[in-house]
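Taking the numbering used here, I'd label the letters of the first sequence as residues 32 to 457.
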Amino acid sequence: MIDINLIREHTQFVTEALAKKGWNEDFKQLLAQDAQRRQLRQDVENAKAEQNKLSASVPVVKKAGGDINEIFAKVKAIKADNEAKEAELAILEANINKTLLELPNLPDGDLLSGAKENNRVIHTFLEAPHFDFPVKDHVELCETLGLIDYKRAAKISGSGTWIYRGLGAMLEWALLNFFISEHIKDGYEMIIPPHMLNYESGVTAGQFPKFESDVFWLEGMSPRRFLLPTAETALVNIHRDEILSEEELPHKYFAYTPCYRSEAGSYRTEERGMIRGYQFNKVEIVQYTKEDESDAAFEEMLNKAKSLVEKLGLHFQISKLAAGDCSHSMARTYDIEVWIPSMGIYKEVSSVSNARDYQARRGMMRYRDKETGKVKYVHTLNASGLATSRLVPAIVEQYQTSKGEVIIPTVLRPFMGGIEKISLTK
RNA sequence: GGAAGCAUACCCAAGUGGUUGAAGGGGUCGGUCUUGAAAACCGAUAGGGGGUGCAAGCCCCGCCAGAGUUCGAAUCUCUGUGCUUCCGCCA
Numbered sequence: 032m033i034d035i036n037l038i039r040e041h042t043q044f045v046t047e048a049l050a051k052k053g054w055n056e057d058f059k060q061l062l063a064q065d066a067q068r069r070q071l072r073q074d075v076e077n078a079k080a081e082q083n084k085l086s087a088s089v090p091v092v093k094k095a096g097g098d099i100n101e102i103f104a105k106v107k108a109i110k111a112d113n114e115a116k117e118a119e120l121a122i123l124e125a126n127i128n129k130t131l132l133e134l135p136n137l138p139d140g141d142l143l144s145g146a147k148e149n150n151r152v153i154h155t156f157l158e159a160p161h162f163d164f165p166v167k168d169h170v171e172l173c174e175t176l177g178l179i180d181y182k183r184a185a186k187i188s189g190s191g192t193w194i195y196r197g198l199g200a201m202l203e204w205a206l207l208n209f210f211i212s213e214h215i216k217d218g219y220e221m222i223i224p225p226h227m228l229n230y231e232s233g234v235t236a237g238q239f240p241k242f243e244s245d246v247f248w249l250e251g252m253s254p255r256r257f258l259l260p261t262a263e264t265a266l267v268n269i270h271r272d273e274i275l276s277e278e279e280l281p282h283k284y285f286a287y288t289p290c291y292r293s294e295a296g297s298y299r300t301e302e303r304g305m306i307r308g309y310q311f312n313k314v315e316i317v318q319y320t321k322e323d324e325s326d327a328a329f330e331e332m333l334n335k336a337k338s339l340v341e342k343l344g345l346h347f348q349i350s351k352l353a354a355g356d357c358s359h360s361m362a363r364t365y366d367i368e369v370w371i372p373s374m375g376i377y378k379e380v381s382s383v384s385n386a387r388d389y390q391a392r393r394g395m396m397r398y399r400d401k402e403t404g405k406v407k408y409v410h411t412l413n414a415s416g417l418a419t420s421r422l423v424p425a426i427v428e429q430y431q432t433s434k435g436e437v438i439i440p441t442v443l444r445p446f447m448g449g450i451e452k453i454s455l456t457k
C-alpha cells in the first residue's frame, strides 16, 4: 500500500512512478476524497468532543442539583446532527481504502519503464548445452523413463496436473531436500505453514482485493479460505499486526509448500508438461528487515537463489525486470530463468523481489526503533529458492544423453541414494 | 460436529453503567544507599492509529474484533474470532 501522505504531498512523483508500471492514475478523485474526508473527520470529531464533555458533566450537575434533562436533549441533538456525517465518512473511508489497496507498489527508481520487452539480462551462467543428437523434450523423456505419469493424473484429477513416480518423485524430493539443507546452512528458519489461508493474508501479501479470482477458494469453510498460490503468502503474514523489536530483525524464513494456481491452461500449448500446472512445488525464502537493510538482503537472496542453480550445473540467466513486469506488490524483481532446450527459451525458476514497505503497511508489520522508540514499517522480501517443478524439466532436458538417459546432477546424488543416472530399465 | 467457560498492559490480576485520564503485584528501566552486588527505599513503565498546530499542546478512536442499548460502556445486549475443558469423530 502506498502512503496516502506521499500521494498527497508528491502527487507528481507517484503518478510518474506508477506510469512506469503502465498504471495510469492522476489521483484527482482520490485526493478530492481525501480532502473531503479530512474535513468531515474534523467536523465529526469536534461534535464528538462536545458530546463527551457534556456527558462527563452529568454526574457533576446531578450532584449540584442542576437540570440533567437539558444536557440529555443537547447531546441527543448533537448526535442526530452528526449521524449523517458519520455515515458519509464511513463510505468515503471505504472508497479511499479500496483505491489504495488496489494500487500497485511503486517501482524502484533505477528500473526501466515498460513491460517484458524492457527486461535486461544482467548475468548468464554457462552456455546452452550442445547436443549432437535430436533433443527430446521433458514430456517424452519423463514418460519413457517412467518419471512422470500424465495420463493417470488426468484420470484421478484432471488437466494441469501430473503424478511424480519412482525416480521422478525422488528427483523432485531430492531437489526440495537439497534446497532445504542449503537454507538451513544459511541460517534461515524452516517453516511448515498451513496451505489454507484467510482473506486478510491475501490482502497483506497484495493478492487481494485485486486478484481474488486468481486463487482457489475453499467454499466449504466459513469464513472461506484459499489455497496459497505461493508460500510467500503465508510467510509474509507471520508477523501481521505485530510490532517487532529491532534486535530480532532480520527474520529469515523458508518454507516448502505446493503452490496452487488457477492460471494453468490459459497459456500457449508449447507449455506442456510441468512448465505450468494447477499445482507445483516450490521452496520460498522470505526476509523481514529494517528499512535500510533491505537492499543488502535483496543481494543476499539473489545470490542464494543464483548459487542454487549454479550448484545444479544448469545454464541460466538472470533478468532485471522492467517496472511493468514486476509483480503488482513489488518494488523490484529479478528473475532467474533456466534454459529449456526443447523450447529454446528460458523459463523462470526463481523470482527475487523487494516489496519494501508495501506489504508491511497492509499488514501493519512494524518494529520499534531502539534509539527513537518510534515504530517503523519493516521491509519484506521474497525469493523462490527454488521452484522445483520447473527445474525437473530443465534438468531432464539439459542432462539428457544420446541414449535417452538422464544424468543426475552431482549435488543431488546424496539425496537420491547415490544414483548417478536414470536409464531405461524396461 | 455438540456443551460450558474465558479474552484488561511484558506477565499475573482488580474492576458489573459516571473523578478509570484503568487499582495492585511481578518484571523491566532509572535513581538513593553500597568498594561492588543483593536487599531495602524512591521514581518511571497502557500501547497504537488518526486529526490539528511552527511548537508546547489540544482533540477523536483504543480494556479480542464488529455491531447495538445509553446523556455516558472495560462494565449491559447481539454477532464474530481465538483459547481452555468435556463429549463425539479421527491421522
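For each residue, glycine too, the CB sits at the ideal point set by N, CA and C.
Source: prediction; values computed, not measured.
Query                                                                                                                                                               : Result
Rounding to the nearest angstrom, what Cα-Cα distance links G404 and F103 in this structure?                                                                        : 43 Å
Within 10 Å of its beta-carbon, does G448 have 16 or more other beta-carbons around it, so buried, or fewer, so exposed?                                            : exposed
Which word fits S373, buried or exposed, when buried means at least 16 other C-beta atoms lie within 10 angstroms of its C-beta?                                    : buried
Using a 10 Å radius around the Cβ and a threshold of 16 neighbouring Cβ atoms, would you call V152 buried or exposed?                                               : exposed
Suppose you measure from the CA of I223 to the CA of A78; what does that come to, to the nearest Å?                                                                 : 50 Å
Across which residues does DSSP place R397 in a beta bridge pair?                                                                                                   : I274, Y408
According to DSSP, simplified to helix, strand and coil, what is Y219?                                                                                              : coil
Cutting at 7 Å between CB atoms, please list the residues of its own chain near L37, excluding the five before and the five after it.                               : V45
Which runs of the beta strand (DSSP E) fall wholly inside the region 167-235 and span at least 3 residues, in chain order?                                          : 220-222
Any idea what DSSP makes of S253, helix, strand or coil?                                                                                                            : coil
Which residue from I109, K186, A336, W193 puts its Cα closest to that of P424?                                                                                      : W193
What runs of the alpha helix (DSSP H), each 4 residues or longer, lie entirely inside the region 301-381?                                                           : 325-342
CA-CA distance, F16 and D98?                                                                                                                                        : An answer regarding residue 16 cannot be provided, because it is not within the stretch 32 to 457 covered by the chain.
Are at least three pairs of beta-carbons, each pair with one atom in the region 235-243 and one in the region 380-400, less than 8 Å apart?                         : yes
Can you find the residues in the same chain that come closer than 8 Å, C-beta to C-beta, to I371, ignoring five residues on each side of it along the sequence?     : H169, I306, Y377, K378, P424, A425, E428
Using only CA atoms, which one of Y408, D139, A115 lies nearest to L49?                                                                                             : D139
Between N413 and the rest of its own chain, which residues show a CB-CB distance below 6 Å, the 5 nearest in sequence each way excluded?                            : E263, V317, S384
Could you spell out the range, first to last residue, of the beta strand (DSSP E) harbouring K116?                                                                  : K116 -> not in any beta strand (DSSP E); alpha helix (DSSP H) instead, spanning 99-133.
At the level of alpha carbons, what is the spacing between S276 and A159?                                                                                           : 47 Å
Suppose you measure from the CA of T300 to the CA of G375; what does that come to, to the nearest Å?                                                                : Low per-residue confidence applies at T300: pLDDT is 48, beneath 50, and the placement is therefore not dependable, though the value from the model is reported in the following sentence. Taking the straight line joining both Cα atoms gives about 15 Å.
Let me confirm a value: K283 is counted as buried when at least 16 other C-beta atoms fall within 10 Å, else exposed. Which label applies?                          : buried
Below 7 Å between beta carbons: does that hold for G53 and A353?                                                                                                    : no
Which residue wins for smallest C-alpha separation from L343, given the options F446, N136, N150?                                                                   : F446
From T155 to A184, what distance separates their C-alpha atoms?                                                                                                     : 36 Å
Nearest-angstrom Cα distance between G199 and D400?                                                                                                                 : 49 Å
With a threshold of 7 Å on Cβ separation, who are the neighbours of E341 within its own chain once the five nearest residues in sequence on each side are excluded? : F156
Which whole runs of the alpha helix (DSSP H) in the region 36-87 are 4 residues long or more, in chain order?                                                       : 42-50
From which residue to which residue does the beta strand (DSSP E) around T264 run?                                                                                  : That residue, T264, is in no beta strand (DSSP E); its alpha helix (DSSP H) goes 262-266.
Quick one: using the 10 Å Cβ neighbour count with 16 as the cut-off for buried, is D163 buried or exposed?                                                          : exposed
Keeping to the same chain, check which residues put their C-beta closer than 8 Å to that of E171; ignore five residues upstream and five downstream.                : none
Can you look up V246 in the DSSP assignment and give me helix, strand or coil?                                                                                      : coil
To the nearest angstrom, how far is it from the Cα of I127 to the Cα of D65?                                                                                        : 7 Å
Just tell me which of A118, A336, E148, V409 has its CA closest to the CA of D323.                                                                                  : V409
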